[in-house]
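Read through the structure below, which is laid out as structure tokens, and then see the notes.
There are 2 protein chains.
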Amino acid sequence: MTPYPRFFILKGDNMINIKENEKLNMLNHSCAHLLAHAVKHLYPSAKFWVGPVIEEGFYYDIDLGDKSLTEEDLPLIEKEMKKISKDDKLIKRLEISKKEALDMFKDDVYKVDLISRMEDPDTIISAYQQEDFIDLCRGPHVNSTKELKYFKLLKVSGAYWKGDSKNKMLQRIYGICFDNEEELNQYLLFLEEAKKRDHRKLGKELDLFSIDPYVGSGLILWHPKLSIVREEIELYWRKEHRKRGYEYVYTPHVGMSNLWETSGHLKNFAAGMYPPMKMSSKDELEDATYYVKPMSCPFHVRIYKSRLRSYKELPIKYCELGTVYRFEPTGALHGMLRVRGFTQDDAHLICTEEQFKGEVNKLIDFAIEINKTFGFDNMKVYLSVRDLESKEAKYIDNEPVWQLAEQTLEQILVDRNIEYKKDIGGAKFYGPAIDMKVLDSLGREWQGTTIQLDMNLPERFGMKYIGSDGQEHTPVMVHRTVLGSMERFVGTLIEHYAGAFPLWLAPVQLKVLPVNSEFHMEYASKIFELLKDNGFRVEIDDRNEKLGYKMREAQTMKIPYSVIIGEKERDNNTISYREFGKEDTTTVSVEEFILMLNKKISDKK
Amino acid sequence: MTPYPRFFILKGDNMINIKENEKLNMLNHSCAHLLAHAVKHLYPSAKFWVGPVIEEGFYYDIDLGDKSLTEEDLPLIEKEMKKISKDDKLIKRLEISKKEALDMFKDDVYKVDLISRMEDPDTIISAYQQEDFIDLCRGPHVNSTKELKYFKLLKVSGAYWKGDSKNKMLQRIYGICFDNEEELNQYLLFLEEAKKRDHRKLGKELDLFSIDPYVGSGLILWHPKLSIVREEIELYWRKEHRKRGYEYVYTPHVGMSNLWETSGHLKNFAAGMYPPMKMSSKDELEDATYYVKPMSCPFHVRIYKSRLRSYKELPIKYCELGTVYRFEPTGALHGMLRVRGFTQDDAHLICTEEQFKGEVNKLIDFAIEINKTFGFDNMKVYLSVRDLESKEAKYIDNEPVWQLAEQTLEQILVDRNIEYKKDIGGAKFYGPAIDMKVLDSLGREWQGTTIQLDMNLPERFGMKYIGSDGQEHTPVMVHRTVLGSMERFVGTLIEHYAGAFPLWLAPVQLKVLPVNSEFHMEYASKIFELLKDNGFRVEIDDRNEKLGYKMREAQTMKIPYSVIIGEKERDNNTISYREFGKEDTTTVSVEEFILMLNKKISDKK
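Protein chains in written order, with the working numbering: chain A, 1 to 605; chain B, 606 to 1210.
Printed below as a string of structure tokens:
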């Protein structure tokens, strides 16, 4: 099973993880109390649930009765926080018994709930008090509110009490706090930049894709422009795979339940699958249950098993851009980055034990090369191994093979001198993996390449090959994706390039802009046709508008090259071009221009 | 809705339709009685249901108790038929009352069932008698069994009484009868050739695809070799579409029920859809029902509707190789030709009324060009119109638009001087169509291109555009496929080419055969690498086997070119090649060879 590459932004080395930094953790924790304190001043009936520190700051879940907060309410709360901070309120630790605590908070259902869960009646509970505000807390905290100066409230959202949709919806306010002004400003700048690059925002502005409540949650409609980007990537992907001896296969998007019973997915992964389709509702003689596929592996296995295999054929490498469907709660969905339907750039390698190490090495090379093409020059490598403390419950039982597999993967990384971290517990139930994450231009980390050993399916499906000894053997199977999924990878690319795709991927590569739509139109049209005939994706702006206006629009649409056609160009049989984001204009012959463009495209620039 | 192109072999002009030929119809009808007569001799307890004439001869459904017939039983029955034929039995018509008939057949439940269904008690029933065999029949028949000389029993299968799977399984024997020996032999030769070309047989022999009961009925697993064929076709298809201003889109394979409610499919097409998926079984807050898509139209419509459209953007032409799923009874499935999961080469044209005629003309040109590429030079054109007798029940109600639409399509064919037949009742409920069927190398007719006007979806989905008058207008929508579906088209191609794909499509294009795997291996390997580097799909046979043996195997696998490398070739720096199916060998320089191959490939030969 090739895993669903989940969406998360891990902090890169140059980024700060609030939760893991002792000082910042304390600051943010105290700042959460400061927030609650301010809210209490502004909304005296407010009741408070929990306010934890997270990787990116803190939040607090608050019951404001019927009141729903909006982003507009945040400045007011911030103002009150600043006031309390300036007032230099001392933060005092209290230690009380469970009984005292229950007494102190007897009117607060949330606190009573928290306190009641502490089983030991003799437990000592700590609380922190600043002026008129008191809250249960393990601490530690800063000594005075005046230490909390460089903070910002970031957003507000609804959150069910205890995460259960049957409970009351609370108001969750997010914020972050730093040690000094510079760090805060740097972070706010980063957020600003990330917001500009948000693929959902750019997707709308550049007419790239839509998610349509009428169609379904987590399902992407690829508009024509983004489909071009995807098609170019797929073409490149297919070519690189063929070059390396991969064989493309096409398999269905639905399959009978016995596939998923044999694979173990109905047992281990049912929650992640779409609901069943009962064929008996169509034809009472047909008793089968079908599922849309959450992964393509069993289909590839069945192709392998469609005839007898010899060791001479191995390694067999099946690849497929296989569209799969997985159930995710709507709340977890996020643009193209976390979806329900996605196309994995999937492959399954079936090889002998002797071939395994060599194939993994080739996969690492392959992944590095492909990722570099998209400007992902830095990758962070993880060795995903078992968590030995939960080993019996979570992993298939074959200790010697596990040990050998984990060692072999680690040895490969060591031999290549690749820096890696161990991701304890990151192994799948069926085997360990090497995961390679890319860093984008903002230093954010995205999951992409995964190389997983499968110690499960070959046994379960009874995969065999006839060895050179004439005997039956069970092959080794590797699952892998290089890009992850088309949806997430292209969504990431939108953010990585801030919507300005490089020439080879750009939906519209060139825009021809006649300076005067009357005098220069004939020559401009000639150039336009010539560029089109040369296979470029080109548009012409024949509107009777000023050049500056047309140019700005071409920049807004992030078109790599604007081709300017005026008197000088017409008379000298040349063109002038301006590259996206640059200020200068270059004049060349059209032949030179075409040569330059073709070179860039063949270099995947 | 782009229709599911159903599988059927219509007889081409040079073929005979038994049912529609008066003389042959009578011969075959009488031959069915001859068959029953012979069966009665061989299996005295046999009971007979019905024995109709069909396009390709006749069959008879027979109750043989517990006995199941196999193909091996047919020669014996044929022998008995020949004996009765030789005996020159007169065939007599009897006319009896319903009461007499019931009396005559009182021990035969099948005959009693037939007779009881005749409501008029005074009806006169005809029966035909030849010697000791008597059967109810409307006739007419030939005068004597000796007129039935040129017949053949073709196959036997099980068939439920009245087609209902709850009833008893009867034995259905198929046969055909001709007027003279020549026609019979010609037909048997055709059957022989068709059998050799059967894509299911070739699919197995050439390792092209499989249908796996473990995966599900009617679902195709495309093995690596056939996936290459498909990929080449898809590349060509995409390129030709881009050239003509089509925009590719990617849409999901599942969608919420409201899409299919709005489109009218849940009302008109529910039987053809896969069973529903109830999301509430995953999350009680999510009440939606999803379906795997039986067609892509609603998704394309939603992309169109994702923003406001102006007349300046029209025509918009969305295309997609969209994989859809439709429920078909297992009994109706047939290899790749009639399946449950298939990839339509789908497109939707959205245009103004003024653009409609021009767009249809372009579509006809497009379809002719694409089909010619695959050697389908002859097409039969049908104008699919309403059956006016059932017009109210079956078609959406908009008489003036229907008339205009049917006339417009007809006028297009007339103006182009295209010969066509009217397919009365062939229109979809939402509009008329032009259907273009190809004739394969055996003269068999296959459905492929369809161009359908949709008078339904634009209204139902509220599709609009802003016209030059600044007002909202409803666009015209055309559905079309050129190939039909990848599954059926490629299945047809296998039969059309008898598995010997032309160079540009062939999974393996070249096989390098060293005459002696020791002496010529070095040069052979050099040539192999050179051909591979030039982008050809090439294999080398390095086994220590005789050239003749290797050559025969390359022919069995229908590889377009065998490249022979011996002493002469090595010493002169040349290669010799033999084309598939030919006897002669040509010696050329490798550069010449590559030039020739590239020319062929770029010509799609």
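Even for Gly, the Cβ is constructed at its ideal location relative to N, Cα and C.
Cβ-based contacts, 7 Å cut-off: residues of the region 936-953 of chain B near chain A = Gly946
So, Gly869 (chain B) versus Pro899 (chain B), is the Cβ gap smaller than 8 Å?
-> no
Going along chain A in order, which residues have a C-beta closer than 8 Å to the C-beta of Thr1086 (chain B)?
-> Result: empty, since nearest Cβ-Cβ is about 18 Å, beyond 8 Å.
Use the C-beta contact count for Ala427 (chain A): other C-beta atoms within 10 angstroms, 16 or more gives buried, fewer gives exposed.
-> buried
Quick one: any contact between the region 657-674 of chain B and the region 621-636 of chain B, if contact means 3 or more CB pairs under 8 Å?
-> yes
Within chain B, partners of Ser165 (chain A) - CB distance below 8 Å = Leu890
N- and C-terminal bounds of the beta strand (DSSP E) containing Gly255 (chain A) = Val254 to Met256
Under 9 Å Cβ-Cβ, which residues of chain B neighbour Glu410 (chain A)?
-> Within chain B, no residue comes near Glu410 (chain A); the closest Cβ sits about 33 Å away, beyond 9 Å.
Using a cut-off of 9 Å between C-beta atoms, extract the partners of Ile62 (chain A) located in chain B.
-> Neighbours of Ile62 (chain A) on chain B: none; closest Cβ ~23 Å, over 9 Å.
Contact between the region 781-801 of chain B and the region 829-845 of chain B: three or more CB pairs below 8 Å?
-> no
Nearest to Lys1209 (chain B) by alpha carbon, out of B:Thr978, B:Thr1190 and B:Phe961?
-> B:Thr978
Determine the DSSP secondary structure at Gln1008 (chain B), reduced to helix, strand or coil.
-> helix
Could you tell me which of B:Asp668, B:Thr750, B:Ile696 and B:Pro680 sits nearest to Lys716 (chain B), measuring between CA atoms?
-> B:Asp668
For Ile540 (chain A), is the beta carbon positioned less than 7 Å from some heavy atom of the ligand ZN?
-> Inclusion of the ligand ZN in the displayed structure is not the case, the ligand content being empty and no account of it being possible.
Determine which residues share a DSSP beta bridge with Ala952 (chain B) and list them.
-> B:Cys924 and B:Arg1085
Roughly how many whole angstroms lie between the Cα atoms of Ile564 (chain A) and Leu1088 (chain B)?
-> 42 Å
Helix, strand or coil: which one does DSSP assign to Leu826 (chain B)?
-> strand
Do the region 912-923 of chain B and the region 302-315 of chain A meet, that is, are 3 or more Cβ pairs less than 8 Å apart?
-> no
Taking C-beta pairs closer than 7 Å, name the residues in chain A that Met884 (chain B) reaches, listed in chain order.
-> Pro275
Could you give the uninterrupted runs of the beta strand (DSSP E) lying entirely in the region 735-806 of chain B, keeping only those of 3 residues or more?
-> 738-741, 755-765 and 774-783
In chain B, what lies closer than 7 Å to Lys282 (chain A) by C-beta?
-> Pro880 and Phe932
Three-state secondary structure assigned by DSSP to Pro609 (chain A) | Absent from the model: residue 609 (chain A). The displayed extent of chain A is 1 to 605, so no value can be given.
Where does Asp708 (chain B) land, buried or exposed, given buried means 16+ other C-beta within 10 angstroms?
-> exposed
Ranges of the beta strand (DSSP E) found wholly within the region 960-1006 of chain B, counting only runs of at least 3 | 984-990
Following the continuous alpha helix (DSSP H) through Ala643 (chain B), name the residue where it begins and the one where it ends.
-> Glu627 to Leu647
Under the three-state DSSP convention, the category Trp654 (chain B) falls into = coil
Using DSSP with H/G/I as helix, E/B as strand and the rest coil, what is Asp1213 (chain B)?
-> Coverage of chain B is limited to positions 606 through 1210, which leaves residue 1213 (chain B) absent and any answer about it impossible.
Comparing the C-beta of Ser227 (chain A) with each C-beta of chain B, is any distance below 8 Å?
-> yes
Is it buried or exposed for Asp678 (chain B), if we count other Cβ within 10 angstroms and need 16 for buried?
-> buried
Buried or exposed: which applies to Met118 (chain A), given that a residue is buried once 16 or more other Cβ atoms fall within 10 Å of its Cβ?
-> exposed
Could you list which residues in chain B have their beta carbon closer than 7 Å to that of Asp584 (chain A), in chain order?
-> By Cβ distance, chain B contributes nothing, its closest Cβ being about 32 Å from Asp584 (chain A), past 7 Å.
Between Glu662 (chain A) and Val385 (chain A), is the Cβ-Cβ spacing less than 8 Å?
-> The structure shown does not extend to residue 662 (chain A), since chain A is modelled only from 1 to 605, so the question has no answer here.
Identify whether Gly1153 (chain B) lies in helix, strand or coil by the three-state DSSP scheme.
-> helix
Note down, in chain order, each residue of its chain lying with its Cβ closer than 6 Å to the Cβ of Phe489 (chain A), except the 5 sequence neighbours on either side.
-> Leu483
Members of the region 247-264 of chain A near chain B, C-beta cut-off 7 Å = Glu247, Tyr248, Val249, Tyr250, Thr251, Pro252, His253, Val254, Gly255, Met256, Asn258 and Leu259
Closest residue to Gly927 (chain B) among B:Pro934, B:Glu918, B:Val906 and B:Ser901 (Cα-Cα distance) = B:Ser901
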